[in-house]
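Worksheet: one structure, shown below.
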Amino acid sequence: MYIGHFAIGLALKARYPAVPAVPIVFGAGFLDILDGLFIVLGWDRVTANLLAGPYLFFDNTFIDWDHSLLAALFWSAIWGALFLRDRRVAALAFVASLSHFVADWAVHNDDLALYPHAETHWGYGLWGKLGTASWVLEGVFAAALLAYAWAASARRGVSLFWPSIVLVVLFLGLSPWLSPMKQVAGLNEPWAHLLQGSLVTLGFLVPGTLLIRLVDKAESKATRRVWLGE
Numbered sequence: 034m035y036i037g038h039f040a041i042g043l044a045l046k047a048r049y050p051a052v053p054a055v056p057i058v059f060g061a062g063f064l065d066i067l068d069g070l071f072i073v074l075g076w077d078r079v080t081a082n083l084l085a086g087p088y089l090f091f092d093n094t095f096i097d098w099d100h101s102l103l104a105a106l107f108w109s110a111i112w113g114a115l116f117l118r119d120r121r122v123a124a125l126a127f128v129a130s131l132s133h134f135v136a137d138w139a140v141h142n143d144d145l146a147l148y149p150h151a152e153t154h155w156g157y158g159l160w161g162k163l164g165t166a167s168w169v170l171e172g173v174f175a176a177a178l179l180a181y182a183w184a185a186s187a188r189r190g191v192s193l194f195w196p197s198i199v200l201v202v203l204f205l206g207l208s209p210w211l212s213p214m215k216q217v218a219g220l221n222e223p224w225a226h227l228l229q230g231s232l233v234t235l236g237f238l239v240p241g242t243l244l245i246r247l248v249d250k251a252e253s254k255a256t257r258r259v260w261l262g263e
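The following block contains the structure:
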């Protein structure tokens with residue numbers, strides 16, 4: 034899952050507006066930020082597969098160090114611990130990070146272990162079962178969460194117009210037809226997995242930073258209007 038994680042982050046931020054966007058938005062993508070880094074380091078492994086849909090073009094051969102349940106709990110706890118100055122923020126940071134594993138379970142193809150190197154792997158496998166339709170379903174899921182975030186934010190005078198535009202662009206950019214992973218999968222090793230891992234990490238860091246700035250800007254505008262009595 035990709036766009037769905039950002040949508041979860043925006044929905045959580047709208048539900049808890051007093052909590053800063055950083056622990057929530059980055060938290061929702063934290064496991065994939067680690068995954069990309071671990072792929073580059075060689076701890077996790079992916080294998081190019083041009084038949085892997087809907088927008089992957091790689092098989093997740095081994096991603097247990099960040100996408101097993103035990104690893105997800107561990108890294109989510111680490112992420113939450115970074116914000117322990119405020120226990121409420123720390124708790125939401127943990128929830129945002131762990132939501133990544135929960136959301137991924139629906140789409141991943143039996144590559145989510147209970148713990149690193151466990152024999153049993155989980156994943157309902159919508160990517161494999163539905164193909165392109167799973168990309169559409171992810172869009173519907175993200176749209177529903179975005180609609181909730183939009184309505185909840187609008188009640189406070191906060192506009193999510195630009196964050197919504199970013200999500201639409203990301204959704205289309207990582208489509209079965211425009212996904213850059215297809216070109217990356219055609220490269221020789223080690224460049225294929227090195228670039229794939231780099232794109233996974235940057236694919237959350239760069240849009241995540243943009244979304245956080247846009248949300249913060251929208252929040253500031255709404256606060257300024259309240260101060261001015263508009």
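First residue of the sequence shown? That's 34 in the numbering used here, and the numbers climb one at a time after it. A virtual CB, placed ideally from N, CA and C, is assigned to each residue, including glycine. Predicted, not measured: the structure shown is a model, and the values here were computed from it.
Best match in the options for proximity to residue i [C-alpha to C-alpha]
i    : options                : result
V239 : L43, I66, I41, F116    : I66
W98  : A124, D143, A151, A54  : A151
T153 : V173, F95, W112        : F95
L145 : R120, V128, A104       : A104
G230 : G69, A54, K46          : G69
T234 : L83, A54, F71, R246    : F71
T9   : G241, A187, P223       : With the chain covering only 34 through 263, there is no way to say anything about residue 9.
E93  : I245, K254, W155       : The sequence given here has Asn at residue 93, not Glu. Closest option to N93, Cα to Cα, is W155.
K254 : P223, R189, E222, L207 : R189
L207 : P149, L106, D119, G86  : G86
L106 : P223, P149, L83        : P149
Residues near residue i by beta carbon distance below 7 Å, same chain, minus five either side
i    : result
E252 : V191
A44  : L178, Y181, A182
L163 : L170
L200 : I36, F39, A40, A175, L179
A225 : A81, V217, A218
W108 : F63, L64, L67, D99, S130
L227 : V73
L243 : V199
L147 : S101, L102, L103, T153
A54  : K46, I245, V248, D249
V79  : I72, F91, D92, N93, T94, H226, Q229
G241 : V58, F59, G62
Residues sharing a beta bridge with residue i, DSSP
i    : result
T80  : D92
A146 : H154
CB contact flag (residue i, residue j, <8 Å)
i    : j    : result
P40  : A126 : Note that residue 40 is Ala in the sequence shown here, rather than Pro. No, the Cβ-Cβ distance between A40 and A126 is not below 8 Å.
P209 : W160 : no
Y88  : S212 : yes
V140 : M34  : yes
F204 : G172 : yes
A47  : A185 : yes
G158 : D143 : yes
Same chain, Cβ closer than 6 Å to residue i, five either side skipped, listed in chain order
i    : result
V122 : V52, P56, F116
G113 : A123, A126, F127
Close Cβ partners of residue i (< 8 Å) along its chain, the five nearest in sequence each way excluded
i    : result
W76  : W98
L232 : G69, P213, M214, V217
A110 : F127
L83  : F90, K215, A218, G219
Review point. Is it true that the segment 120-139 meets the segment 55-64, where meeting means three or more beta-carbon pairs spaced less than 8 Å apart?
Key: When C-beta atoms of the segment 120-139 are compared with those of the segment 55-64, three or more pairs fall below 8 Å, so the two segments count as touching.
Check your understanding: Is there contact here, the segment 243-252 with the segment 187-203, by at least three beta-carbon pairs under 8 Å?
Key -> yes
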